[in-house]
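To keep things clear, I will list the structure first and then write my remarks on it.
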Amino acid sequence: MQTIVNELKSTAEKTNATDIRAAFAADPGRFGKFSVSFDDLTMDYSKTAVNDDILALFETLAEAAGVAKKRDEMFSGVAINFTEDRAVLHTALRNRSNAPVMVDGKDVMPDVNAVLAAMGKFADGIRSGSLKGATGKAITDVVNIGIGGSDLGPVMATLALAPFHDGPRAHFVSNVDGAHIADTLKHLEAETTLFIVASKTFTTIETMTNAATARKFIADKLGDDAVKHHFCAVSTALDKVAAFGIDQDRVFGFWDWVGGRYSIWSAIGLPLMLAVGPENFGKFLDGAHAMDTHFRTAPTAQNLPMLLGLVGFYHRNVLDYPTRAILPYDQRLLRFPAYLQQLDMESNGKGVTIDGTPVEGNSGPVVWGEPGTNGQHAFYQLIHQGTSVIPAEFMIAKTGFEPELRHQHDLLIANCLAQSAALMKGRTLDEAKAQLAKAGMDEAKASHIAPHRVFTGNRPSITFVYDKLTPFALGRLIALYEHRVFVEGVLFRINSFDQWGVELGKELATGLLPVVQGKAAADDQDGSTQGLVKALIG
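The opening position of the sequence shown corresponds to residue 18 in our numbering, with each subsequent residue numbered one higher.
So, in structure tokens, the structure goes:
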């Protein structure tokens, strides 16, 4: 495979592929050649350093890496997460065909459907008011307590689908910093608040610390007997959940073949279902399933996740671009960049291949971003004129949910398209001088100022266009990025589905807690940590 990577490097150099501006000058119709649509979702990658030769090599690379074979193994329940000996089947959670999905000889779909049905029944009860709090009042507010995949996905999706909210108000607590839960609780009434404790093992320290605080909030206001009316859990540790005081019929499970960062489709999505209702949650699953089917069946040159992953790998490992910016021109996707940070960086931030040898070249990039147009007034300066090339990924809906504000959506679209065009076109020194001269600046001053107004251009970007951010569209978009991460992981030759990098710090924190509490000495800590302990606690 490295031979093909080397060929990509030499081909990019020989064909001057990174001169995207020149490519458009030579072929103004590039969009027709280097864009792909699936239903109403269009992916324009014509503003990347891809040409016919590079695209042909992409197909060769995907075949050599065995992407299609690995994809089929994932969907069929093979334990591709070999370091934990687990299947990777988040796709089964949105398997709307209901075709059997086998794990260790057992069809998991009956269990998947049973949990989904239980979630729906519970959500309907809370939303209708038939399931009430301890004092007989209806639930008006739901607080999800979780962290990582038990928080980032539900937060992102619930914010994204705000126009579809017709259930209780949703709140989210993740950080062990007491300020997070304190600031949340001070606006809530115990009688009308439901807490969801999302922890598979019911041992996650941040989640259980916050859950204990929430339990005390209910018990102090309403008594211990009220806890069972104001809590539910997403967990498989039934004994620990029962000890906490939550009845079994309020516990919703999931499986070890569902990774945390891929769990929004499972019972972890309960806060989203409570907010938008079971029907809209079903449409969310429908959108993801549609992308799953597209990923499994479309040829590489027309396959959105394949192409997105191949371009991403090309940017990282051929052109050596260290980061990618996620720039949704949709305010309700404000947490989508953070969600993708975990999805991508926890999956592909690895340094060891599936063979146990060091990764040759690079693995996953740094992923970051903010919604437009906010980012334009913050960090776009670096993307346009900084010394590092940062591929950008824009996303924009054709229409919003506020028809009376169509003029604002038009302005949003204009800004999105302008940024994409500016990154590609740039502005030459001569163009900068001419612009200054036209504004009346004398030649000497213009020559002095013009270099500061030069934009090198040839900054790559991908733009996604979709009709509207509906539950279906959001599910489809998330699944697209999930599969993109999978494709890149196969190309990097790493296991995208474990996360050992989160373990060491947690282990050390356990040992440091007694030191911080003054119950143990810091003698066995390194000098820096000893100094910091002294600065913090004396």
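By construction, the Cβ of each residue, glycine as well, lies at the ideal position given by its N, Cα and C atoms.
Rounded C-alpha distance that separates A135 from D256: One C-alpha to the other measures close to 19 Å.
Among I213, V214, H188 and N192, nearest to L202 - alpha-carbon criterion: Of I213, V214, H188 and N192, the smallest CA-CA separation from L202 is found for H188.
On the DSSP bridge assignment, give the partners of E410 in chain order. DSSP lists I343 and I479 as the bridge partner or partners of E410.
Below 8 Å on the Cβ atoms is my contact criterion, and I expect Y356 with L169 to pass it. Report the Cβ-Cβ distance as a whole number of Å. Rounded, the Cβ-Cβ distance is 5 Å, consistent with contact.
Beta bridge counterpart(s) of N161 as assigned by DSSP: In the DSSP secondary-structure assignment, N161 is bridged to F189 and I213.
In this structure, does DSSP put T59 in helix, strand or coil? The answer is strand: DSSP assigns T59 an E or B state.
Between the alpha carbons of N391 and L178, how many angstroms are there, rounded? About 20 Å.
Note down, in chain order, each residue of its chain lying with its Cβ closer than 7 Å to the Cβ of A66, except the 5 sequence neighbours on either side. The residues are A29, A34, T35, I37, L336 and P477.
From V214 to F248, what distance separates their C-alpha atoms? Rounded to whole angstroms, the gap between the alpha carbons of V214 and F248 is 7 Å.
Less than 9 Å between the beta carbons of I263 and S167, yes or no? No, they are not a contact pair.
Looking only at its own chain, which residues have a Cβ that is under 7 Å from the Cβ of V244, when we skip the five neighbours before and after it? Annotation for V244: R232, I235, A236 and G262 place their beta carbon closer than 7 Å to its own, counting only its chain and skipping 5 residues before and after.
Relative to the C-alpha of D273, which residue among V258, Q19 and R103 is closest? Per the Cα distances, R103.
Would you list the one or two residues that DSSP bridges to A250? Among the bridge pairs identified by DSSP, A250 is matched with V214 and V268.
Touch check for the segment 59-74 and the segment 39-50: three-plus C-beta pairs under 8 Å? With a cut-off of 8 Å, the segment 39-50 and the segment 59-74 count as touching, because enough Cβ pairs lie within range.
Within 9 Å, strictly: CB atoms of I407 and Y338: In this structure, I407 sits near Y338, with a CB-CB distance shorter than 9 Å.
Are D158 and L211 closer than 9 Å when you measure CB to CB? Closer than 9 Å, so yes.
What separation, rounded to the nearest whole angstrom, lies between the Cα atoms of D447 and E419? Cα to Cα, D447 sits roughly 43 Å from E419.
Ignore the nearest five residues each way along the sequence and tell me which others in P185's own chain have a CB closer than 8 Å to its CB. Around P185: I143, R144, I156, T157, D158, V159, L211, L291 and A292.
Shortest alpha-carbon distance to R470 belongs to which of D242, L453, D241 and G457? In this structure, L453 is the residue among D242, L453, D241 and G457 with its C-alpha nearest to the C-alpha of R470.
Cβ contact (3+ pairs, closer than 8 Å) linking the segment 301-313 and the segment 535-547: Proximity of the segment 301-313 to the segment 535-547 falls short of the contact definition, fewer than three beta-carbon pairs being nearer than 8 Å.
Work out the CA separation of P488 and K300 for me, nearest whole Å. Using only the alpha carbons, I get a separation of about 6 Å.
Please confirm if the segment 495-515 is in contact with the segment 85-99, defined as three or more CB-CB distances below 8 Å between the two stretches. A contact is defined here as three or more CB-CB pairs under 8 Å, and the segment 495-515 meets this definition with respect to the segment 85-99.
Based on Cα-Cα distance, which residue from L508, V251, D70 and R111 lies nearest to E377? For the residues L508, V251, D70 and R111, the minimum Cα distance to E377 belongs to L508.
Pick from A496, E524 and A451 that is closest to F353, judged by C-alpha positions: F353 has its Cα closest to that of A496, out of A496, E524 and A451.
Distance between G163 and T221 (C-alpha atoms, nearest Å): Going from the Cα of T221 to the Cα of G163 covers about 9 Å.
Just the Cα atoms here: how many angstroms apart are F330 and A259? Separation of F330 and A259 (C-alpha to C-alpha, rounded to the nearest whole angstrom) is 46 Å.
If you draw a straight line from the alpha carbon of K455 to that of G326, how long is it in whole angstroms? Between the C-alpha atoms of K455 and G326 there is a straight-line separation of about 44 Å.
Expressed to the nearest angstrom, what Euclidean distance is found between the alpha-carbon atoms of M18 and V504? Going by the C-alpha atoms only, they are around 14 Å apart.
With a 10 Å radius around its C-beta and 16 neighbouring C-beta atoms as the bar for buried, classify R423 as buried or exposed. So R423 counts as exposed.
Give me the residue from I21, G270, L553 and A318 with the minimum Cα distance to L72. Check the Cα spacing between L72 and each of I21, G270, L553 and A318: the tightest is with A318.
What do you reckon, are the CB atoms on S280 and V502 nearer than 9 Å? No, the Cβ-Cβ distance between S280 and V502 is not below 9 Å.
Thinking C-beta only, is T480 closer than 9 Å to I5? Nothing can be reported for residue 5: it is not among the residues displayed for the chain, which extend from 18 to 555.
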